[in-house]
Structure formats: structure tokens, C-alpha cells
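Note that my numbering gives residue 3 to position 3 of the sequence shown, counting from 1, and the numbers run on in steps of one. Backbone N, C-alpha and C define an ideal beta-carbon position, used for all residues, glycine too. The structure appears below as C-alpha cells.
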Amino acid sequence: MAAAETVRAYLACWFQLNKAVVHHPSGQRWCPQPVLAGEAYSPAFEATWETMTAAGREACYLEGTPQTLADLLSPAWEVTACGRCQMPVPMPIGRSAGVACPCADLPLWPQFDLPAPHAPVQSDLHLARIQQKLASG
């Protein structure tokens with residue numbers, strides 16, 4: 001099962017490439033901008049997450065994928081890196097690859113010369129880990 005924080009990071013990365021989450025019954029689309037605010041998710045992202053939760057995770061899916069947010073939060077799925085672009089992609093647990101990456105319909109992706117979309121990074125923690133590695137190495 002992908003943890004809620006993992007699913008949030010998955011969505012944040014794809015929102016940065018302008019992929020939207022679609023609510024199936026209503027056709028409503030959400031793609032908050034900006035996604036990040038410093039070391040955290042932006043208020044727009046947080047509001048969108050709450051709206052999707054209220055609308056029903058079983059009816060919301062990322063454009064270009066058949067998996068709903070409820071599927072991703074179930075024990076049958078995990079989020080891993082795409083072999084083509086290294087972006088997060090849902091994968092059924094215990095089955096071989098065969099799930100298309102949402103990057104499949106982005107004609108100019110991947111672009112390795114640009115910074116990759118990412119989840120928020122807490123700089124203090126990140127720098128502390130680097131410092132520990134340097135001190136122990």
C-alpha cells in the first residue's frame with residue numbers, strides 16, 4: 001500500500017508537469033499551481049488534496065492513468081520510479097511491469113536537462129543527513 005504521503009508526493013510531481021486529477025462523475029479537473037511553497041506543499045496543493053478527499057478518492061484519478069486515488073491507497077499498489085523518466089508511477093504489488101507511465105502522452109518528456117519535479121524537501125534534514133554521511137565517511 002502506498003502511504004498517503006507517498007501518493008501526495010506522486011501527485012505533486014505530476015502536477016508540476018500540468019497533469020490534472022480528474023473527478024470521474026463530474027468531469028472536474030484539479031491541477032493546483034504552485035505545488036510547492038518553500039519546504040512544504042503550497043496552500044493550493046493542500047486545498048486540492050482536501051477537495052479530492054471530500055469528492056471521493058474512489059472517483060479521482062490522474063490524467064493518463066486508470067488507477068483511482070483509492071486504488072493507490074489500497075494494499076494492492078505501490079508507487080515506484082518509471083524506467084523511462086524516473087517519475088513516480090503506480091505499480092501493482094506482486095505483478096510485473098505493464099502499467100503505462102503518465103509520461104507516455106507527454107511528447108517532450110523526459111527532459112533530463114531540466115530539474116525534475118519533486119516533493120517538498122526539508123533543507124535542514126537533508127543537510128543534516130549529508131553532514132552525517134561526511135562525518136562517518
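Residue range of the beta strand (DSSP E) that includes residue i
i	result
E78	W77 to A81
Paired residues, beta bridge with residue i - DSSP
i	result
V7	DSSP, once it has assigned bridges, lists no residue as partnering V7.
L36	Y41
M52	Paired residue(s): none; M52 is not in a bridge.
P66	According to DSSP, which records beta bridges pairwise, P66 is partnered with nothing at all.
R29	V22
P107	DSSP lists no partner for P107.
P88	A81
Inter-residue CB distance, residue i and residue j (contact presumed, cutoff 8 Å)
i	j	result
W30	T48	5 Å
P212	V89	With the chain covering 1 to 137 only, the question about residue 212 has no answer from this structure.
G64	A104	7 Å
A81	P25	Incorrect: roughly 32 Å between the Cβ atoms, too far for contact.
E39	P92	Not a contact, Cβ separation roughly 32 Å.
Y41	A12	7 Å
Cβ-based neighbour list, residue i, same chain, cut-off 8 Å, excluding 5 preceding and 5 following
i	result
Q28	V22 and A55
V7	L69, L72, L73 and V79
R138	What is shown of the chain runs 1 to 137, which leaves residue 138 out entirely.
M52	V21, H23, W30, C60 and L69
P32	F15, S42, A44, F45, A47 and T48
Where residue i falls: helix, strand or coil (DSSP)
i	result
A95	The question names Ala, but residue 95 in the sequence shown is Arg. In the structure shown, R95 sits in coil (DSSP, three-state: anything other than H, G, I, E or B).
H126	helix
C13	helix
P120	coil
P102	helix
Beta-carbon proximity list for residue i, same chain, < 6 Å, skipping 5 on both sides
i	result
Q16	V35 and P117
Any non-hydrogen atom of the ligand SAH within 6 Å of residue i CB
i	result
E50	The model depicted lacks the ligand SAH and carries no ligand whatsoever.
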